[in-house]
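Okay, so here's the structure we're looking at.
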Amino acid sequence: MEFSTDQIKFDEKGLVPAIVQDCYSGKVLMLAYMNKQSLEKTLETGTTWFYSRSRNELWNKGATSGHFQQVKRMSYDCDGDAVLVEVEQLGVACHTGEASCFHNEVYSQDPFADYNREIVTELYQFLQDRKLNPVEGSYTNYLFEKGLDKILKKIGEETTEVIIGAKNPDREELIFELADLIYHSLVLMIEKDIRIEELKKELMKRMTKKQQKGKDKILPM
Numbered sequence: 009m010e011f012s013t014d015q016i017k018f019d020e021k022g023l024v025p026a027i028v029q030d031c032y033s034g035k036v037l038m039l040a041y042m043n044k045q046s047l048e049k050t051l052e053t054g055t056t057w058f059y060s061r062s063r064n065e066l067w068n069k070g071a072t073s074g075h076f077q078q079v080k081r082m083s084y085d086c087d088g089d090a091v092l093v094e095v096e097q098l099g100v101a102c103h104t105g106e107a108s109c110f111h112n113e114v115y116s117q118d119p120f121a122d123y124n125r126e127i128v129t130e131l132y133q134f135l136q137d138r139k140l141n142p143v144e145g146s147y148t149n150y151l152f153e154k155g156l157d158k159i160l161k162k163i164g165e166e167t168t169e170v171i172i173g174a175k176n177p178d179r180e181e182l183i184f185e186l187a188d189l190i191y192h193s194l195v196l197m198i199e200k201d202i203r204i205e206e207l208k209k210e211l212m213k214r215m216t217k218k219q220q221k222g223k224d225k226i227l228p229m
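Following this line, the structure appears as structure tokens:
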């Protein structure tokens, strides 16, 4: 679809709210404002540009902190008076050091569920940190110290336990064993330097029903 900034309904000050979302996790990172010039610069450069209402000037997110946002997709709402920017966030989005500006929780119906769509990514990052910053007595560090053969042995054991759990009537046992298998699989990914994003991209390929001419075949799911 051909896009023109004329399709955006800027307010009386020439601004439109821009919601910034992590393209991988779906987490809302921040809310800022764009004018026509910053929107055009965002499209031109592939990184986010906003308009500062307090300083009355354009600003490029990450220019000072190094925490740039690489734009992957942009869209606007049905009324054309809000913009959604999906980005790959480098570093953190919030100036306080938090991953998202929306870190002050007001209400949670089930605090134990936490509705955490990022738990696998967060676990991956935790395991990465364990490898970079070993902790004495850590089981994760024990696996990394022993190396690939030990990690593969544990994955084999956990796979067997998942199969046994699936044959038994105890649903909670199966969930427990599946969690163990996922944990050890993430350890393997880190050991082999495979990123979560690479795994997500592979799964996305399998979800698509469009066949690229002469290149990829439709992958079964």
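First residue of the sequence shown? That's 9 in this note's numbering, and the numbers climb one at a time after it.
From the three backbone atoms N, C-alpha and C, an ideal C-beta is built for every residue, glycine too.
Please report the straight-line C-alpha distance between Thr-129 and Leu-194, rounded to a whole angstrom. 9 Å
Between Ser-116 and Thr-167, what straight-line distance do the alpha-carbon atoms span, to the nearest angstrom? 35 Å
Cβ neighbour criterion (16 or more within 10 Å) applied to Val-143: By the neighbour-count criterion, in which 16 or more other beta carbons inside 10 Å mark a residue as buried, Val-143 falls on the exposed side.
Considering only their Cβ atoms, is the gap separating Val-28 from Val-95 smaller than 8 Å? A contact, by the Cβ cut-off of 8 Å.
What three-state label does DSSP hand Val-170 in the structure shown? Of the three classes helix, strand and coil, the one that applies to Val-170 here is helix, per DSSP.
Please classify Thr-55: does DSSP put it in a helix, a strand, or coil? DSSP places Thr-55 in strand when its eight states are reduced to three.
Leaving aside the five residues before and after Phe-76 along the sequence, list all residues of the same chain whose C-beta is less than 7 Å from its C-beta, in chain order. Thr-55, Lys-69, Gly-70 and Leu-98
Where Ala-40 sits in the DSSP three-state scheme: strand
Give me the Cβ distance between Leu-39 and Pro-25, rounded to the nearest whole Å; I'm assuming they're in contact under 8 Å. 6 Å
Using CA coordinates, which residue listed in Tyr-32, Asn-64 and Cys-31 is at the minimum distance from Tyr-41? Asn-64
Report the three-state DSSP secondary structure of Tyr-32 (helix, strand or coil). Judged by DSSP in its simplified three-state form, Tyr-32 adopts coil rather than helix or strand.
Which class does Gln-77 belong to by DSSP, given the choice of helix, strand or coil? strand
Taking the continuous beta strand (DSSP E) assigned at Gln-136, which residues delimit it? Per DSSP, Gln-136 lies in no beta strand (DSSP E); the unbroken alpha helix (DSSP H) holding it starts and ends at 127 to 140.
Looking only at its chain, what residues have a beta carbon closer than 6 Å to the beta carbon of Met-82, apart from the 5 residues adjacent to it on each side? Val-93
According to DSSP, simplified to helix, strand and coil, what is Asn-176? coil
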